[in-house]
Structures are given as C-alpha cells and as structure tokens.
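A.B. asks: Residue numbers (my numbering): 963 to 1135. One structure, as structure tokens, below. Some questions next.
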C-alpha cells in the first residue's frame, strides 16, 4: 500500500526535497497550504520549530496523509549576529512527532537590519538581490553560499534526518 506524505506548504523549495527523498520509495507526496501558527517571520529556533510542528500536524488534521511534514525557515540571533535557521517536523498517525534542524548561516548586517525593522527575510533578500521570490528558488542560503547549498538541498538534509529517525524508531520500538 502506498503511503501518503503531506507537506504543509505549496512552496516548491519545500515540496521538492520530500519528493526527491520519496522518489525511490512507495510514497505519494503532495503539498497542502496550511498555516504555521507563528509569525510570518519566525524569530528564534523555538518559534521556527513551533511553526514546523504546527504545519506537520495541520496536514494530518486536514488530509488523509499518513505522515505530515512541516518545514519552516526563520532567523535567530547569537550575540550580535543574525543567522538563518531552519526546522522540520514529521508527525504520523501513530502519534510520533520527530524534529530536526538544518544549516544556518550568518546574515549580512543590511539583511539583519531589514528583519529587525519588521520585514520578512524573503522580502529583504528579494530587495538585496534585485530578484523576485528567492524563497521559492535557491533561498537566502543559496544566495549567500553562491549556489553551493540551495534552500531545497538544505531542506533535503532535514528530510533525511526526519525519515532516518522514523526508520530508527520503527525498527527499535
């Protein structure tokens, strides 16, 4: 029987990594736009993680998915430096909630200032690069790593961590 995996977003940068991981498995992947339940621009690891968990649970609540995936990007500050932060959550019908975080990278001061002024990172990076909708493409991490790590590649690593935990718990419970 094919398992259904719902991703709590319509953003291709969030759906593509799940499709990539599930390509060789018997899993159907679909995106479903659901609310994160947190700020449009999550600040801090705690709020960003909460958004990922909320998205994953909302997918289960609003669909027939066997597994809900939530992926959320935010920013966090350590000392005087602001970083991107990324979290993922996987929830299943057995009541498991597994979480993992992804790569972080320091933001240039001008981008941090835009976020501190109340703007979303996606809008700030669009202005910074004179591009449109960077968050649905390579993402801020792609811009700041010169394309070496794109947003969907970063989220792919989170998906590997989430499904690896699911496999571990399924084999060891």
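All residues carry an ideal CB built from backbone N, CA and C; glycine is no exception.
Mind checking whether residue 1059 and residue 1007 have CB atoms under 8 Å apart?
C.D. replies: Contact flag unset, no.
A.B. asks: Quick check: what's the CA-CA separation for residue 1004 versus residue 971?
C.D. replies: Going from the Cα of residue 1004 to the Cα of residue 971 covers about 16 Å.
A.B. asks: Taking 8 Å as the threshold, find out whether the stretch 977-992 comes into contact with the stretch 1052-1066 through three or more Cβ pairs.
C.D. replies: Counting Cβ pairs under 8 Å, fewer than three are found: no touch.
A.B. asks: Specify the secondary structure class of residue 1044 as computed by DSSP and reduced to three states.
C.D. replies: Correct three-state label for residue 1044: strand.
A.B. asks: Between which residues of its own chain and residue 1095 is the CB-CB distance below 6 Å, once the five residues before and five after are set aside?
C.D. replies: None.
A.B. asks: Rounded to whole angstroms, what's the CA-CA distance from residue 1133 to residue 1127? Just pull it up for me.
C.D. replies: Between residue 1133 and residue 1127, the C-alpha separation is close to 10 Å.
A.B. asks: Going by the DSSP bridge assignment, what does residue 1059 pair with across the sheet?
C.D. replies: The partner list for residue 1059 (beta bridge, DSSP) reads 1053.
A.B. asks: Are the CB atoms of residue 980 and residue 996 nearer to each other than 8 Å?
C.D. replies: Against a cut-off of 8 Å, the Cβ pair of residue 996 and residue 980 comes out as no contact.
A.B. asks: To the nearest angstrom, how far is the alpha carbon of residue 1081 from that of residue 1041?
C.D. replies: Approximately 21 Å between the Cα atoms of the pair.
A.B. asks: What three-state label does DSSP hand residue 967 in the structure shown?
C.D. replies: Residue 967 falls in the strand class under three-state DSSP.
A.B. asks: Assuming the contact rule is C-beta atoms closer than 8 Å, residue 1121 and residue 1105 should be a hit. Round their C-beta distance to whole Å, please.
C.D. replies: That pair is no contact at about 22 Å.
A.B. asks: Only counting the same chain, and skipping five residues up and downstream in sequence, which positions put a Cβ closer than 6 Å to that of residue 1017?
C.D. replies: Contacts found: 970, 996, 998, 1032.
A.B. asks: Is it true that the CB of residue 1111 sits closer than 8 Å to the CB of residue 1065?
C.D. replies: In contact: residue 1065 and residue 1111 (Cβ atoms closer than 8 Å).
A.B. asks: Which same chain residues, not among the five before or five after residue 1013, have their C-beta less than 6 Å away from its C-beta?
C.D. replies: Taken in chain order, the residues that qualify are 998, 1000, 1004, 1034.
A.B. asks: Looking at the unbroken alpha helix (DSSP H) that takes in residue 1076, where does it start and where does it end?
C.D. replies: 1071-1078 is the span of the alpha helix (DSSP H), which, as asked, contains residue 1076.
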